[in-house]
Structures are given as C-alpha cells and as structure tokens.
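K.L.:
Residue numbers (the working numbering): 11 to 176.
To start, I am sharing the structure in question, which I have written as structure tokens.
Rendered as structure tokens:
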C-alpha cells in the first residue's frame with residue numbers, strides 16, 4: 011500500500027464525485043475507492059452532477075467526456091467556475107488531441123484514457139486528493155500567519171491600561 015492512500019484514510023473522509031453514463035464503470039470505480047476510505051457519490055449525467063455538487067462539496071470529480079446531456083468539458087467548466095478548489099480528472103474512451111487540449115485549457119488536473127488500469131486510476135486519485143489537501147494546508151497556514159501578524163500589530167499598538175484610583 012502506498013503512503014498517499016494511507017494518508018487519505020487518516021485524514022477526514024475525502025469526497026469524490028464520479029460522473030459517467032456507464033453504470034458498470036461507476037460501480038468499478040466506486041468499488042476501488044470505498045475500501046480506501048473515500049466518500050463516493052455517483053452521477054450518470056452532467057445535470058445530476060451539478061445538482062449534487064450544489065448540495066455537497068467534493069475534493070475531486072472524475073468526469074467522463076461523453077455524457078448523455080452535455081459534454082464532460084461543459085461540466086468541467088461549470089465545476090471550475092463554481093468550485094475552483096475541487097480537483098478534476100477527465101476520463102474518456104474516445105481520446106483525441108482536441109479533447110485533451112480542451113480539457114487542459116478548461117483546467118482539468120488530469121486526463122485518463124479508458125480502459126484505465128485500476129492501479130493507475132487509484133494512483134491518480136490519491137495524487138489529486140493529496141495535492142488538494144496540500145493546497146488547503148498552505149491556504150490555512152497563510153490565513154493563520156496573517157491573523158497572528160495582525161494580532162501582534164494590534165497588541166503592539168495597544169497602550170497598557172492605566173489604573174485610576176479614586
């Protein structure tokens with residue numbers, strides 16, 4: 011077992027949204043992720059994915075490029091605009107240079123071609139979750155540093171209280 015996967019289980023449960031119109035693929039991916047401690051939701055359409063992401067936050071979305079109601083790249087753009095911190099992996103059984111370039115331009119974090127070997131899929135998911143966690147930690151540290159700096163400035167400027175005796 012790799013250390014990144016172990017870290018994912020030790021931290022708070024990470025949420026993953028799987029979006030594909032093929033139920034067998036959704037079930038396979040879900041079965042790979044659940045034992046690793048991930049909280050997994052599935053959606054068979056782009057609109058279902060948008061509705062789920064509006065009610066629950068996700069650390070990662072795995073999006074098929076061919077969906078029945080919209081292109082996966084349209085969903086990718088929507089998620090990037092509304093949830094920029096969510097990592098996004100595009101996946102396709104019909105790879106073309108155009109979809110790969112379009113996915114990268116729309117800020118996909120990774121691009122996988124079906125059929126994806128289970129080890130490669132898990133490695134990519136763990137890597138994206140790890141990167142997202144690291145980015146969150148850096149942001150939290152920056153906020154904490156800023157708050158501590160502001161506190162010191164206010165404290166340094168504050169005058170000691172004077173005792174008034176009557």
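Even glycine gets a Cβ: it sits at the ideal position worked out from N, Cα and C.
1. Return helix, strand or coil for residue 71, following the three-state DSSP convention.
2. Would you kindly report the start and end of the unbroken beta strand (DSSP E) that includes residue 91?
3. On the DSSP bridge list, what partners appear for residue 121?
4. With H, G and I counted as helix, E and B as strand and the rest as coil, what does DSSP make of residue 79?
5. Secondary structure at residue 31, three-state DSSP: helix, strand or coil?
6. Among 36, 111 and 29, which residue has its Cα nearest to the Cα of residue 79?
7. Apart from the five residues just before and just after residue 13, which ones in its own chain have a Cβ nearer than 8 angstroms to its Cβ?
8. Identify the continuous alpha helix (DSSP H) that holds residue 111 and give its terminal residues.
9. Under the DSSP definition of a beta bridge, which residues are partnered with residue 46?
10. Classify residue 40 as helix, strand or coil using the three-state DSSP reduction.
11. In this structure, how does DSSP classify residue 25 when only helix, strand and coil are distinguished?
12. For residue 32, is the classification buried or exposed, using 16 other Cβ atoms within 10 angstroms of its Cβ as the cut-off for buried?
13. If I measure Cβ to Cβ from residue 15 and keep anything under 6 angstroms in the same chain, skipping five residues before and after, which residues do I get?
14. Is it the case that the Cβ atoms of residue 139 and residue 121 are separated by a distance below 9 angstroms?
15. Buried or exposed for residue 64, please, with buried defined as at least 16 other CB atoms from any protein chain shown within 10 angstroms of its CB.
16. Look up residue 52 in the DSSP assignment and say whether it is helix, strand or coil.
17. Express the C-alpha separation of residue 34 and residue 61 in angstroms, rounding to a whole number.
P.N.:
According to the structure shown:
1. Strand, per DSSP.
2. Run containing residue 91: none in the beta strand (DSSP E); it sits in the alpha helix (DSSP H), 82 to 92.
3. When DSSP reads this structure, residue 121 sits in a beta bridge with 100.
4. Of the three classes helix, strand and coil, the one that applies to residue 79 here is coil, per DSSP.
5. Residue 31 carries a coil assignment under DSSP once its states are collapsed to helix, strand and coil.
6. With respect to the C-alpha of residue 79, the residue from 36, 111 and 29 having the closest C-alpha is 29.
7. With a pLDDT of 43 at residue 13, under the threshold of 50, the modelled position of that residue is not reliable, and no figure is offered here.
8. Where residue 111 is concerned, the enclosing alpha helix (DSSP H) stretches over 107 to 115.
9. Beta-bridge pairing links residue 46 to no other residue.
10. In the structure shown, residue 40 adopts helical secondary structure according to DSSP, grouped into three states.
11. Collapsing the DSSP output to three states places residue 25 in a strand.
12. Per the 10 Å Cβ criterion, exposed.
13. Because the pLDDT of residue 15 is 46, which lies under 50, any placement of that residue in the model is unreliable, and the number read from its coordinates should be weighed accordingly. Excluding sequence neighbours, residue 15 sits near 46 and 136.
14. No Cβ-Cβ contact shorter than 9 angstroms links residue 139 with residue 121.
15. Under this definition residue 64 is an exposed residue.
16. Note: residue 52 maps to strand in three-state DSSP.
17. Going from the Cα of residue 61 to the Cα of residue 34 covers about 22 angstroms.
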